[in-house]
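Chains as they are written, first to last, in full-length UniProt numbering: chain A, 1 to 355; chain B, 1 to 355; chain C, 1 to 355; chain D, 1 to 355. Remarks on the structure that follows.
There are 4 protein chains.
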Amino acid sequence: MSVNTFGRVLRFTTWGESHGPALGAVLDGCPPGIALTEAMIQPFMDARAPGQSKFTTQRREPDAVKILSGVFEGRTTGTPVSLMIENVDQRSKDYSEVAKAYRPGHADYAYDAKYGLRDYRGGGRSSARETAARVAAGAVARLILPGVKITAYVSQIGRDEIDRSAMDFSQIGQNPFFCPDAAAATRWEALVDGARKAGSSLGAVVECVAENVPAGWGAPVYGKLDADLAGAMMGINAVKGVEIGAGFGAAMLSGEENADPMRAGADGPQFEANNAGGIAGGISTGQPVIVRVAFKPTSSILSAVDTIGRDGENTQISTKGRHDPCVGIRGTPVVEAMMALVLADHMMLHRAQCG
Amino acid sequence: MSVNTFGRVLRFTTWGESHGPALGAVLDGCPPGIALTEAMIQPFMDARAPGQSKFTTQRREPDAVKILSGVFEGRTTGTPVSLMIENVDQRSKDYSEVAKAYRPGHADYAYDAKYGLRDYRGGGRSSARETAARVAAGAVARLILPGVKITAYVSQIGRDEIDRSAMDFSQIGQNPFFCPDAAAATRWEALVDGARKAGSSLGAVVECVAENVPAGWGAPVYGKLDADLAGAMMGINAVKGVEIGAGFGAAMLSGEENADPMRAGADGPQFEANNAGGIAGGISTGQPVIVRVAFKPTSSILSAVDTIGRDGENTQISTKGRHDPCVGIRGTPVVEAMMALVLADHMMLHRAQCG
Amino acid sequence: MSVNTFGRVLRFTTWGESHGPALGAVLDGCPPGIALTEAMIQPFMDARAPGQSKFTTQRREPDAVKILSGVFEGRTTGTPVSLMIENVDQRSKDYSEVAKAYRPGHADYAYDAKYGLRDYRGGGRSSARETAARVAAGAVARLILPGVKITAYVSQIGRDEIDRSAMDFSQIGQNPFFCPDAAAATRWEALVDGARKAGSSLGAVVECVAENVPAGWGAPVYGKLDADLAGAMMGINAVKGVEIGAGFGAAMLSGEENADPMRAGADGPQFEANNAGGIAGGISTGQPVIVRVAFKPTSSILSAVDTIGRDGENTQISTKGRHDPCVGIRGTPVVEAMMALVLADHMMLHRAQCG
Amino acid sequence: MSVNTFGRVLRFTTWGESHGPALGAVLDGCPPGIALTEAMIQPFMDARAPGQSKFTTQRREPDAVKILSGVFEGRTTGTPVSLMIENVDQRSKDYSEVAKAYRPGHADYAYDAKYGLRDYRGGGRSSARETAARVAAGAVARLILPGVKITAYVSQIGRDEIDRSAMDFSQIGQNPFFCPDAAAATRWEALVDGARKAGSSLGAVVECVAENVPAGWGAPVYGKLDADLAGAMMGINAVKGVEIGAGFGAAMLSGEENADPMRAGADGPQFEANNAGGIAGGISTGQPVIVRVAFKPTSSILSAVDTIGRDGENTQISTKGRHDPCVGIRGTPVVEAMMALVLADHMMLHRAQCG
């Protein structure tokens with residue numbers, strides 16, 4: 001029930017605010033005996049870290065992960081793995097404006113309505129900075145899933161989609177957008193830079209593919225693999241939509257068009273299509289698991305927007321300072337992390353019930 | 001962790017198979033003192049029940065709910081409310097074909113891969129018949145939410161969308177499609193009947209609006225109201241996509257376009273748009289909560305589809321018998337039920353923490 | 001969080017009241033492929049059933065279990081196993097006295113204080129009748145634990161203890177007290193009959209031994225095997241104390257006396273004592289797991305006791321009707337059931353984490 | 001399901017090992033707006049801290065708590081409260097003996113059997129040092145329970161009990177044993193010092209009373225207040241027995257003797273006895289909640305004990321170094337902390353369901 005905890009058998013709890021001294025994750029239920037060092041986590045942190053290019057926020061955080069427990073002589077012991085990331089660049093700025101008025105589209109008003117008070121510095125707990133802890137936990141989850149290959153990429157920024165015939169996963173690490181289409185990446189430089197300079201922001205779509213997931217993971221009926229993935233992805237900051245496989249497109253297909261015919265193969269069934277996104281009845285089928293995630297444009301824009309103050313009076317607010325012009329970009333490693341965490345959880349849950 | 005249990009504080013557990021003697025839900029955590037009779041649940045059961053029109057499956061089930069516990073002298077006692085629905089029309093048919101071969105798009109293969117065996121009669125536990133139990137539980141959840149008004153409707157069948165300027169909620173109960181646009185409902189008669197006669201099937205989109213939800217419900221960061229809704233909706237049979245508010249459309253907007261400006265109002269803030277779908281930072285804002293859900297066309301089609309048998313050999317299968325040509329239609333009351341269950345759960349969770 | 005649900009990976013939810021139409025358990029997470037019929041559950045129900053001798057309540061309930069879901073062609077499918085027991089002998093009596101005044105020692109006052117209302121017929125949900133559902137679930141849990149042998153017995157009634165040098169497990173089924181000491185069983189006939197005739201009641205101690213539990217089950221630090229057993233046992237109606245191994249006696253020992261020395265054995269370590277009761281650090285050691293449980297005398301006595309009414313005024317109440325003179329006796333199969341449920345749960349939890 | 005997490009609505013997760021860099025607790029679900037500073041937690045840490053007298057282990061740890069999240073401008077925000085305690089005095093000693101052989105009565109063998117490896121330095125995660133994190137969390141829980149007064153004390157060391165007629169709670173803080181009987185405290189100095197000098201150890205009984213708990217907390221049937229307390233207490237290191245109210249003594253009483261008669265009082269019912277320990281049917285009655293907890297003598301003794309090595313061969317081991325001669329003493333603040341955590345959890349759970 002713990003709302004800052006995610007997972008069923010492999011569970012992690014995150015804590016921390018944007019401008020507190022640190023944030024972290026406690027990963028519980030991790031199998032023993034897995035080789036784990038801070039260096040094995042760090043590359044995933046670096047992928048998500050701010051300040052890596054001019055297309056992301058200029059806050060500079062090393063996001064160095066410390067392992068505080070659960071590892072002995074380089075291996076997990078089966079006890080909780082506590083991961084901590086110290087905040088370094090909490091720029092001392094004047095938050096009086098944000099303290100007094102609500103930024104539309106942010107969590108400001110909702111937090112005040114719920115809790116009666118809020119940590120307004122950098123968004124507090126509602127900041128996407130919290131996702132650093134998820135990425136750290138996700139890096140460990142990957143180690144629990146040897147053989148499973150998880151790849152996320154940006155397929156669309158604003159209205160500009162990639163050319164799927166030009167997709168090349170080897171391109172993803174070659175540009176600052178996690179873009180598998182080199183030509184699109186080039187176009188996006190101008191697009192995102194334009195938004196940044198204008199103090200505006202852009203939405204994006206991130207896709208994630210998990211290969212080599214065996215058939216049989218997922219737990220009907222309220223722990224369905226797709227349901228857990230949907231909850232995991234919708235819980236990422238700024239996400240407004242989630243699709244599995246053909247998604248909303250499936251609503252426009254006929255049953256014949258949507259079918260994924262099966263043929264006998266050497267290593268189990270071969271599927272002739274994957275509209276299902278690798279999941280049927282909430283259980284993996286052995287096909288690649290495919291998720292699409294819609295990120296809204298961040299609400300942090302320079303234009304003044306009508307709002308109200310804590311005093312209930314009309315006012316306007318514009319968000320200055322260091323922000324991502326397109327939060328979907330840095331959301332990509334977070335999508336990968338959540339995919340890894342959900343899959344590792346279900347691998348273990350399956351093992352509990354089915355041996 | 002119980003995978004046939006849903007919810008955080010208000011929890012329900014469902015059980016039962018398509019062709020077993022009965023199915024049911026145990027709703028736990030219900031506040032005491034709420035007036036509850038079987039007659040108060042039945043209308044919601046009837047809305048979902050099969051055999052109501054020629055546009056849904058012809059299986060005839062009265063879906064009469066029995067309250068077996070948790071109610072005394074017409075009021076809930078705070079103990080588990082056990083709801084049972086007996087199966088009546090489990091037509092004795094020959095399941096040998098389904099027993100031997102996997103229907104592509106169904107859970108057949110995945111269940112066998114997971115469990116090593118399956119109840120193949122009518123899909124067993126993977127049948128949408130299980131959603132009757134959710135609707136029963138949802139009917140009770142509505143009673144926990146006095147004042148909240150929940151309305152779901154079909155906004156699209158196949159490629160045919162409603163005209164939003166013609167939307168009229170009073171129409172929803174006037175046609176067999178839960179359609180708020182009378183003209184669209186007329187068009188859909190031919191559309192769905194055509195699919196039915198052809199032994200084909202159609203996808204659909206269902207939208208759900210919850211009005212009068214106060215600001216402050218939802219639990220960051222892994223019990224966000226939108227994340228829980230996404231998981232709840234994606235867990236409904238045949239669902240492949242979920243959007244909150246502007247959803248995937250938000251990915252194409254600029255920050256300026258996506259903003260929901262606020263103005264001072266007599267009873268709290270007034271919002272000038274609702275791209276957020278009533279949720280910010282995972283917490284309700286007081287605006288209507290809006291969810292869109294994509295249903296795939298059912299895989300039960302008359303056309304023969306390539307598949308494999310349990311023996312691993314190539315074969316073909318076509319699904320005869322009684323099936324919904326468009327499962328999204330009868331999914332509408334299920335979407336409403338899940339909305340009610342998630343909201344009631346979060347109302348109580350909010351009360352636990354914030355008094 | 002569901003308070004009528006027990007367990008971590010293998011979970012069961014019970015529902016029902018003493019005088020409702022039925023009660024039941026939904027067992028979720030059960031491994032697939034286990035042979036299960038109603039006849040395999042019934043003997044455990046019969047052991048707990050009322051009306052078996054003059055030493056227990058004269059309410060006559062067949063306690064016939066119906067399996068409503070989760071089993072197909074004689075084997076579990078991995079979906080929820082719904083078990084229902086219909087109430088048959090809800091004698092129509094006058095409950096007006098219990099409705100108006102609180103029976104001291106019963107849950108009457110506490111339920112009213114919590115919920116504002118209560119089902120006073122036979123104690124409603126607080127009746128020990130609910131334990132029938134646990135015994136049904138426990139019977140299934142035993143099937144998940146092939147090889148583990150669970151034996152509970154009454155070791156003390158009132159102040160009369162068994163002679164441990166005369167213990168013989170084969171005697172347990174030979175007398176109406178689950179007593180392993182034939183001489184004590186003979187003495188208890190007069191003791192319990194005397195209490196019954198006097199309208200009084202007696203406390204008891206039940207011990208439970210689980211043999212062949214492998215080393216390694218249990219989950220530090222808040223899912224310790226002993227902690228889960230303590231919670232499980234203390235949750236049985238009328239239980240006021242739980243000990244593991246030497247229990248309170250260990251508080252009087254020196255470290256030297258309390259040590260369980262180990263010696264090398266052919267099949268793993270041999271322990272030269274078992275003060276630990278088979279659990280160290282919350283994890284099983286491979287020794288027999290030993291629990292002792294104290295049952296209070298039931299509060300249902302014929303003597304008039306001072307109490308207050310719902311109106312807050314002083315009055316007196318005496319409990320007539322059909323009651324157990326010593327609830328610990330029929331608690332014995334419940335202790336066994338909870339032991340089986342906790343062990344099966346931990347077997348599966350261990351498998352989830354450690355493979 | 002997270003086994004290093006405790007609680008239902010108010011949940012805390014602990015992490016850390018005896019000889020790691022730090023340990024901590026993440027307390028989730030804390031109500032917002034509660035005044036909280038590190039200085040408000042520290043006195044409870046100091047009460048449990050080692051090295052306070054010659055009667056406890058000589059390891060010297062300041063046990064200074066840092067609040068890393070969840071507090072803003074001196075008040076809780078409703079987000080997770082992360083509490084960290086750095087380990088300071090991890091004496092660099094030679095652990096080769098413990099690495100190679102199992103200390104009987106410790107978790108050494110069980111951890112190896114479960115996980116295949118273990119952090120043997122100071123017992124790793126199985127060390128009672130973990131309870132520092134519980135005490136920190138418990139200090140926050142107390143603040144959620146204004147008005148409730150929680151007092152634990154040692155009532156027995158070895159075979160030497162306090163004189164209940166001489167009990168005076170004001171004495172508890174006046175001696176190093178948390179003893180409410182000054183004369184007993186004087187006797188215990190010699191008793192405990194003798195055990196310490198002999199390299200032996202002593203068991204103890206700790207009692208805990210919670211006053212001003214309102215009627216109505218507790219959640220039948222698997223979240224009973226007494227069941228949750230039993231699980232909480234049995235999960236404390238070295239605990240082997242738990243009693244509520246009259247406990248095992250109740251097994252020897254008749255129903256008449258065990259009754260707690262009620263009389264009308266100005267502020268609700270007055271009870272004329274408290275054999276129930278303040279809980280009936282799993283729900284608080286408004287009387288003081290009373291728990292008794294048995295601590296075994298620590299297994300860390302100087303005498304050589306027969307054991308086996310990791311290699312399976314016979315050997316002997318004696319535990320040198322810094323250990324508590326009577327772990328029950330420092331267990332007292334831990335018992336108080338767990339009482340506070342269980343009560344605060346149930347206060348919030350009650351509020352969720354019953355408003």
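From the three backbone atoms N, C-alpha and C, an ideal C-beta is built for every residue, glycine too.
Asked	Found
Compare the C-alpha of residue 327 of chain A against each of B/180, B/135 and B/251 and name the closest.	B/251
List the DSSP bridge partners of residue 27 of chain D.	D/12 and D/81
Along chain B, in chain order, which residues have C-beta atoms closer than 8 Å to that of residue 173 of chain A?	Near residue 173 of chain A there are no residues of chain B at all, since even the closest Cβ is about 23 Å away, more than 8 Å.
Residue range of the alpha helix (DSSP H) that residue 41 of chain A falls in?	38–48
Would you mind reading off the limits of the alpha helix (DSSP H) that contains residue 18 of chain C?	Here residue 18 of chain C belongs to no alpha helix (DSSP H), and DSSP marks it neither H nor E.
Taking the beta strand (DSSP E) that residue 290 of chain D falls in, what are its first and last residues?	289–295
Within its chain, find whatever has a CB closer than 8 Å to the CB of residue 303 of chain A; leave out the 5 residues flanking it on each side and keep chain order.	199, 200 and 318
Output the distance between the C-alpha atoms of residue 169 of chain A and residue 175 of chain A, rounded to the nearest integer angstrom.	12 Å
On the three-state DSSP scale, how would you describe residue 314 of chain A?	strand
Please determine, among D/249, D/66 and D/51, the residue with the shortest C-alpha to C-alpha distance to residue 59 of chain D.	D/51
Do residue 348 of chain B and residue 352 of chain D have their beta-carbon atoms positioned less than 7 Å apart in this structure?	yes
Please work out which residues of its chain come closer than 7 Å, Cβ to Cβ, to residue 204 of chain A, disregarding the five sequence neighbours upstream and downstream, and give them in chain order.	154, 156, 157, 295, 326, 328 and 329
Whose CA, out of D/245, D/19, D/136 and D/248, lies closest to the CA of residue 334 of chain D?	D/136
Let me confirm a value: residue 197 of chain B is counted as buried when at least 16 other C-beta atoms fall within 10 Å, else exposed. Which label applies?	exposed
In the structure shown, what three-state DSSP assignment does residue 349 of chain C receive?	helix
Confirm, please, whether the CB-CB distance from residue 134 of chain D to residue 340 of chain D is below 7 Å.	no
Taking Cβ positions, are residue 23 of chain A and residue 85 of chain A nearer each other than 7 Å?	yes
Rounded to the nearest angstrom, what separates residue 140 of chain A and residue 286 of chain D at their Cα positions?	47 Å
Please go through the segment 80–126 of chain D and give each complete beta strand (DSSP E) segment of 3 or more residues, from N-terminal end onward.	81–86
By alpha-carbon positions, which one of D/354, D/321, D/355 and D/162 ends up nearest to residue 94 of chain D?	D/321
According to DSSP, is residue 341 of chain D helix, strand or coil?	helix
Nearest to residue 275 of chain A by CA position, among A/266, A/193, A/298 and A/248, is which residue?	A/248
Going by the beta-carbon positions, is the gap between residue 61 of chain A and residue 221 of chain B smaller than 7 Å?	no
If residue 25 of chain A and residue 307 of chain A are in contact, beta carbons under 8 Å, what's the gap, nearest whole angstrom?	Rounded, the Cβ-Cβ distance is 33 Å, inconsistent with contact.
Any C-beta of chain C within less than 7 Å: which residues of the segment 16–31 of chain A qualify?	29 and 31
Based on the DSSP output, what are the partners of residue 307 of chain A in its beta bridges?	A/315
Mapping DSSP to helix, strand and coil, what is residue 54 of chain C?	coil
Tell me, please, whether the CB atom of residue 9 of chain A is closer than 7 Å to any CB atom in chain C?	yes
Hey, how far is the Cα of residue 116 of chain A from the Cα of residue 4 of chain A?	19 Å
From residue 77 of chain C to residue 110 of chain A, what does the alpha carbon distance come to, in whole angstroms?	44 Å
Can you name, in chain order, every residue of its own chain whose Cβ lies under 7 Å from the Cβ of residue 227 of chain D, other than the five neighbours on each side?	282
If you draw a straight line from the alpha carbon of residue 9 of chain D to that of residue 346 of chain D, how long is it in whole angstroms?	8 Å
With C-beta atoms as the reference, is residue 310 of chain A less than 7 Å away from residue 79 of chain D?	no
Name the residues in the segment 69–102 of chain A whose C-beta lies less than 7 Å from a C-beta of chain B; which are they?	102
Can you find a CB in chain A that lies within less than 7 Å of the CB of residue 142 of chain C?	no
Run down chain D in chain order and give the residues with a C-beta less than 8 Å from the C-beta of residue 109 of chain C.	215, 262, 269, 280 and 285
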